[in-house]
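Q: In my numbering, the protein residues as written are 40 to 407. From the three backbone atoms N, C-alpha and C, an ideal C-beta is built for every residue, glycine too. The structure's right below; bear with me while I get my questions together.
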Amino acid sequence: MSVRVVARIRPLLKQELDKDTIVTADSPEGGNNAASPTIVRIPNPKNDTESFSFQFSSVYEQDATQQQLFDSEVAPTVKHLFNGFDTTIFAYGVTGTGKTHTMRGGKSMADRGVIPRLLSGIYRRCRKIEKDTAGATQVEVSMSYYEIYCDRVYDLFESPDKRTPSGLPIRDNGGKTVVVGLTEKPCSTLKEFEHLYDQANINRSTSSTKLNAHSSRSHAILCVKITQTTETTVQVSRASAIDLAGSEDNRRTDNNKERLVESSAINKSLFVLAQCVEAISKKQSRIPYRESKMTRILSLGQNNGLTLMILNLAPVRSYHLDTLSSLNFANRTKKIEVAEVENEAVYRNIVKPLAATTSIGGSTITRQ
Ligand code: ADP
Ligand code: MG
């Protein structure tokens, strides 16, 4: 199954209402115009009469709702999770383009983002499974939530005053990379989850002020672990949702020394992320996931399952060059194919051979 890369163009903000929209969505030529758009168009910054177009699996326009994005892109992955596949969802984009809005969203029901909706879907399915199996399958949900700032890992369940400045160590444990000492909290209801998630998000913003950095300079990684236990088997799968640091080129706008250190850490990790997805898409045997902490902890390309990249875009000209570099980043990710292997249920009594790695054809996407 290929990785899906979708674009989402946010609406104009109040203070932008008098600005021109330069980033637009379009359907393929010759295609049915009523069909959902898959192309993003943007003018050539060097020549306004020319435009570049980039093709995606899907493009969400300014008026797309949180519900529409969730229903089309994320809801279908819930079933996969319970079938033993891992899911990884990234929000990539310049600061101010809607990553946090997309992932976390606002307080009202309609504004809720991908993460609370995903959890809601997970708990609904838990209850269904427990009911359908009359309790023979038990499902446990737990979460960890951490941020990576300047290549250091901080537990978002830990109050900022108690953090070790150097962050948590990471270690290899039987081929898997683990963050040593990372809190894992069980959460068996949506209410419990939301309480823990809100608390951790407060830690995120207070630590940001302390470090004199905006939260847009760290990657926030939520990992939800689902454990399904029956009499004979235990199956674990994980959903990871990542609100990435802003992808803007800070060298253009800010040359303060501290900012430059942050920027180079961000640039490096996003660069490695791009390289990993490119390597996966080209089916290269060497995926450089070890070269940054984030890709290493996520074991990007080593894990089973589905990856969704949501590219957040602002429609206005003040973001022009950064938007173009975001689109170029995503362009590399479009031909991704990931081997999809079901997480083996661990049989308590029986040793089961590993399933063969299967690769299912992905979409071919061309840059026009
Ligand atoms: P980022 O996390 O990428 O820096 P934010 O999610 O904070 O960006 O979004 C920037 C601003 O735009 C916020 O005020 C947010 O509420 C608003 N915004 C982003 N996307 C949307 C959307 N789809 N609909 C309405 N407002 C949005
Ligand atoms: Mg944000």
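#1: Could you give the C-beta distance for Pro76 and Asp65, rounded to a whole number, given that I count them as a contact under 8 Å?
#2: When you compare only the Cα positions, how much space is there between Asp150 and Gln105?
#3: Thr136: beta carbon under 6 Å from a heavy atom of ligand 2?
#4: So within the segment 192-249, which uninterrupted alpha helix (DSSP H) runs reach at least 4 residues, ignoring any that extend past its ends?
#5: Hey, is Ser286 close to ligand 1, as in C-beta under 6 Å from one of its heavy atoms?
#6: Gly145 to Pro327, Cα distance in whole Å?
#7: Return the CA-CA distance between Tyr99 and Ser111, expressed in angstroms with no decimal places.
#8: Suppose the cutoff is 7 Å on Cβ atoms and the five residues either side in sequence are ignored; what does the same chain contact list for Ser255 look like?
#9: Where do the ends of the beta strand (DSSP E) carrying Gln94 lie?
#10: Could you tell me the distance, in whole angstroms, from the CA atom of Asn136 to the CA atom of Met182?
#11: From the DSSP output, in three-state form, read off Lys53 for me.
#12: I'd like the ranges of any alpha helix (DSSP H) spanning at least 4 consecutive residues and lying wholly in the segment 112-139.
#13: Please determine whether the Cβ atom of Thr141 lies at a distance below 6 Å from any heavy atom of ligand 2.
#14: Which residue comes first and which comes last in the alpha helix (DSSP H) that contains Ile326?
#15: If we ignore side chains and look at the alpha-carbon of each, how far apart do Val316 and Leu339 end up?
#16: Cα separation between Leu157 and Ile265?
A: Put simply:
#1: In the sequence shown, the residue the question calls residue 76 occupies position 37. In the sequence shown, the residue the question calls residue 65 occupies position 26. Cβ atoms of Pro76 and Asp65 come within 8 Å of each other, at about 6 Å.
#2: Numbered from 1 along the sequence shown, position 111 holds the residue referred to as residue 150. Numbered from 1 along the sequence shown, position 66 holds the residue referred to as residue 105. Approximately 6 Å between the Cα atoms of the pair.
#3: The residue you call residue 136 lines up with position 97 of the sequence shown. Flag unset: Cβ of Thr136 not near ligand 2.
#4: 229-249
#5: Walking along the sequence shown from the start, residue 286 turns up at place 247. The beta carbon of Ser286 sits no closer than 6 Å to any heavy atom of ligand 1.
#6: Numbered from its first residue, the sequence shown carries residue 145 at position 106. Numbered from its first residue, the sequence shown carries residue 327 at position 288. Straight-line Cα distance between these residues: approximately 36 Å.
#7: Residue numbering aside, residue 99 sits at position 60 when the sequence shown is read from its first letter. Residue numbering aside, residue 111 sits at position 72 when the sequence shown is read from its first letter. Approximately 10 Å, taken between the alpha carbons.
#8: In the sequence shown, residue 255 corresponds to position 216, counting from 1. Answer for Ser255: Thr134, Ala284 and Gly285, listed in chain order.
#9: Position 55 of the sequence shown, counting from 1, holds the residue named residue 94. Counting along the chain, the beta strand (DSSP E) containing Gln94 begins and ends at Asn86 to Gln94.
#10: Taking the sequence shown and counting its residues from 1, the one referred to as residue 136 is at position 97. Taking the sequence shown and counting its residues from 1, the one referred to as residue 182 is at position 143. The question names Asn, but residue 136 in the sequence shown is Thr. Rounded to the nearest angstrom, the two C-alpha atoms are 27 Å apart.
#11: As a first step, residue 53 is located in the sequence shown; it is residue number 14 there, counting from the start. It is helical.
#12: The qualifying runs are 114-121.
#13: Here the question's residue 141 lines up with position 102 in the sequence shown. It does not: the Cβ of Thr141 is nowhere closer than 6 Å to a heavy atom of ligand 2.
#14: As a first step, residue 326 is located in the sequence shown; it is residue number 287 there, counting from the start. No alpha helix (DSSP H) holds Ile326; DSSP gives it neither H nor E.
#15: If you number the sequence shown from 1, residue 316 lands on position 277. If you number the sequence shown from 1, residue 339 lands on position 300. Each residue's Cα considered, the two are about 8 Å apart.
#16: On the sequence shown, position 118 is the one that residue 157 refers to. On the sequence shown, position 226 is the one that residue 265 refers to. So the two alpha carbons sit approximately 13 Å from each other.
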